[in-house]
Amino acid sequence: MEIKKSGIITICGRPNVGKSTLTNAFVGEKVAIVTNKPQTTRNRICAILNRGGSQFVFLDTPGLHKARTRLGDYMVDVVKESVADVDGVLLLAEPIAHIGAPEQELIDRIKALNCPSALVINKVDTLERKETLLEVMAVYGQAHAFDAVMPLSAKTGEGVEELLALLEDWLPAGPRLFPEDMVTDQPERQMMAEILREKLLLCLEQEIPHGAAVEITRFSERDDQVIEVDATIYCEKNSHKGIIIGKGGGMLKKVSTQARQDMERFMGTKIFLQTWVKVKENWRDNPAAIQNFGYRKE
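Start counting the sequence shown at 1092; every next residue gets the next number (my numbering).
And the structure:
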């Protein structure tokens, strides 16, 4: 179908508020990794949805937080740069009647933009008192006159269709921005690395995964359509290396198996995955290492 409208919508908010879950719900498949740990997303992720005569381009951003490392500085810069030159902004918030520092900073940036904005109150499926929604709306309504307020649950899908209908009205007239068959602008190597990092976040202790990076050193398709992937996991301490590998290699095998299964779902073919673990001390404060692991400004 011919695309008559297209536009870019930024999804922003504090860490662990559900931005990546909403991004995946919009496009109907997994293009952003999701865990229950903050700062899961490190890069700006572009997700593309073709719907009727419209093309939506969603920017999933890292959570705005107080940076403690050079990598954290990079992530904060990504958020700030993503809330500019777009056709609309969604501020994602939890159903809590309080505006924290991250939300206030994003609201100040939204006010400076000449584009539509919506407050999206996520996780309504967790509410025990529906009156809480009214309290949240009142607090945010005093802070900024959003063009719309949309309660929803990115996890269950409740309210997602209604939000898409609203966003369609925001899109300006114009041709498609991305080819019809694209659902993300992430290279396949980056997707493979992110899937493996997601499994580290899900399987390991709180701090270790945040000090881990993944580099795909080989990505090649064989004649029988099996894709061979070699991945190196970098951590910051020798003690972390031992935990990632686990007793008898058990943890690394668990992480790798889960990652391979997700990779196969994403690629639609068999994956032969090999993983290694290496130590690169304090890489999160090393600008060269940060860039080498793919965290580069656009």
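C-beta atoms are modelled at their ideal positions from N, C-alpha and C, and glycine is treated no differently.
Should residue i be labelled buried (16 or more other beta-carbon atoms within 10 Å of its own) or exposed?
i, result
"aspartate 1199", "exposed"
"valine 1317", "exposed"
"threonine 1217", "exposed"
"isoleucine 1099", "buried"
"phenylalanine 1363", "exposed"
"methionine 1092", "exposed"
"histidine 1189", "exposed"
"proline 1378", "exposed"
"asparagine 1141", "buried"
I'd like to confirm the pairing. Which residues does DSSP put opposite residue i in its beta bridges?
i, result
"cysteine 1206", "Its beta-bridge partners do not exist; DSSP assigns none."
"glutamine 1146", "Ser1097 and Asn1141"
"serine 1311", "Glu1319"
"lysine 1369", "Tyr1325"
"isoleucine 1362", "Ile1318"
"valine 1240", "Leu1210"
Report back the beta-carbon spacing between residue i and residue j to the nearest angstrom; my notes put them in contact at under 8 Å.
i, j, result
"serine 1208", "leucine 1182", "7 Å"
"methionine 1241", "glutamate 1222", "Not a contact, Cβ separation roughly 18 Å."
"methionine 1282", "alanine 1322", "So it is not a contact: roughly 12 Å between Cβ atoms."
Examine chain D for any beta-carbon lying closer than 8 Å to the beta-carbon of residue i, and answer yes or no.
i, result
"threonine 1101", "Absent from the structure is chain D; it holds one protein chain and no more."
Alpha carbon to alpha carbon, what distance is there between residue j and residue i?
i, j, result
"arginine 1375", "cysteine 1326", "10 Å"
"alanine 1304", "alanine 1245", "27 Å"
"methionine 1406", "aspartate 1178", "It is not possible to answer for residue 1406, since the shown part of the chain is limited to 1092 through 1389."
"arginine 1105", "leucine 1255", "22 Å"
"threonine 1348", "lysine 1361", "12 Å"
"valine 1148", "isoleucine 1201", "18 Å"
"glutamate 1372", "glutamate 1185", "35 Å"
"arginine 1356", "valine 1230", "42 Å"
"threonine 1275", "glutamate 1196", "28 Å"
Compare the beta carbon distance of residue i and residue j with 8 Å and say whether it is the shorter of the two.
i, j, result
"cysteine 1103", "valine 1180", "yes"
"valine 1370", "isoleucine 1336", "no"
"valine 1122", "asparagine 1115", "yes"
"isoleucine 1286", "alanine 1192", "no"
"isoleucine 1324", "leucine 1291", "yes"
"glutamine 1146", "leucine 1268", "yes"
"valine 1320", "methionine 1354", "yes"
"glycine 1144", "lysine 1214", "no"
"isoleucine 1136", "aspartate 1151", "yes"
Closer than 7 Å: is that where the CB of residue i sits relative to any heavy atom of the ligand GDP?
i, result
"arginine 1356", "Absence of the ligand GDP from the depicted structure is noted, as is the absence of any ligand whatsoever, leaving it without description."
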